[in-house]
Ligand SMILES: *Cc1c(COP(=O)(O)O)cnc(C)c1O
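Numbering (this note's numbering), first residue to last: 16 to 242.
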């Protein structure tokens with residue numbers, strides 16, 4: 016218990032400093048279930064996983080140990096051969112980055128169940144090293160995705176370029192916010208622009224300044240990654 020006190024304190028401190036309408040997704044990659052549980056016990060209600068396999072091993076532990084519903088969000092790139100497994104454990108997929116993967120997910124969902132909330136991942140700086148669609152492809156992707164009735168688009172996600180100096184990320188967050196607002200104003204039937212997911216440990220304060228209402232934080236909660 017006590018060896019995880021820092022996690023409890025870090026989570027609570029971040030939660031207290033952010034307005035209550037900003038969601039925190041606890042980025043859990045490479046953390047042990049015990050570490051993630053410490054964050055859940057401190058109040059976390061959304062866990063972000065990069066790897067489907069980690070989500071699969073965490074899910075039963077969360078279900079058994081938490082008396083509240085804790086949402087599992089996939090925040091890492093989804094491969095087509097992992098779609099079935101991802102759907103077994105994820106409540107939201109934040110990393111929809113092509114029509115192909117959207118179709119693969121849609122196909123494996125039942126039309127009798129409520130549609131799966133998804134975010135579209137945008138590669139806002141056009142980096143070769145990052146997943147996500149280009150800004151200028153967003154509109155046509157959305158128009159295609161609304162035909163996929165088992166998915167519900169709930170917003171946008173981005174991973175901004177990394178800078179040691181977080182101020183340098185600001186222009187990318189501004190661009191995302193503009194894209195988010197523009198897309199919201201288009202009022203595409205079936206698209207519900209609720210979440211703008213951006214900002215990580217180093218940058219979340221700047222992201223929130225610029226309009227993020229969902230931040231994804233790992234290191235500031237758990238400490239530096241060892242693995
Ligand atoms: C790791 C990760 C985060 C959190 O990064 P930290 O710097 O540890 O807060 C957020 N989003 C994604 C997609 C990640 O892979």
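From the three backbone atoms N, C-alpha and C, an ideal C-beta is built for every residue, glycine too. In this text the structure is predicted, and so the values were computed from the model without any measurement.
Backbone CA spacing between residue 106 and residue 116 [nearest angstrom]: 16 Å
Proximity test, residue 191 beta-carbon vs ligand 1 heavy atom, cut-off 7 Å: no
Rounded C-alpha distance that separates residue 21 from residue 51: 12 Å
Straight-line gap, residue 121 to residue 73 (C-alpha atoms, nearest Å): 24 Å
beta-carbon residue 328 near ligand 1 non-hydrogen atom, thresh 7 Å: An answer regarding residue 328 cannot be provided, because it is not within the stretch 16 to 242 covered by the chain.
Backbone secondary structure at residue 94 - three-state DSSP: coil
Heavy atom of ligand 1 within 7 Å of residue 174 beta-carbon: Result yes, Cβ under 7 Å from ligand 1.
Chain-order list of residues whose beta-carbon lies under 6 Å from that of residue 113 (same chain, five-residue window excluded): none
Rounded C-alpha distance that separates residue 221 from residue 98: 33 Å
Check: residue 216 C-beta below 7 Å from any heavy atom of ligand 1: yes
Closer than 7 Å: residue 108 CB and nearest ligand 1 heavy atom: no
Residue 235 beta carbon near ligand 1 (any heavy atom closer than 7 Å): yes
Coarse secondary structure for residue 209, derived from DSSP in three states: strand
Sequence-distant residues of its chain with Cβ nearer than 6 Å to residue 19 (five each side left out): 53
Runs of beta strand (DSSP E) wholly within the stretch 151-201 (minimum 3 residues, chain order): 166-173
Distance, residue 223 Cα to residue 216 Cα: 12 Å
CB-CB length for residue 175 against residue 218, believed under 8 Å: 6 Å
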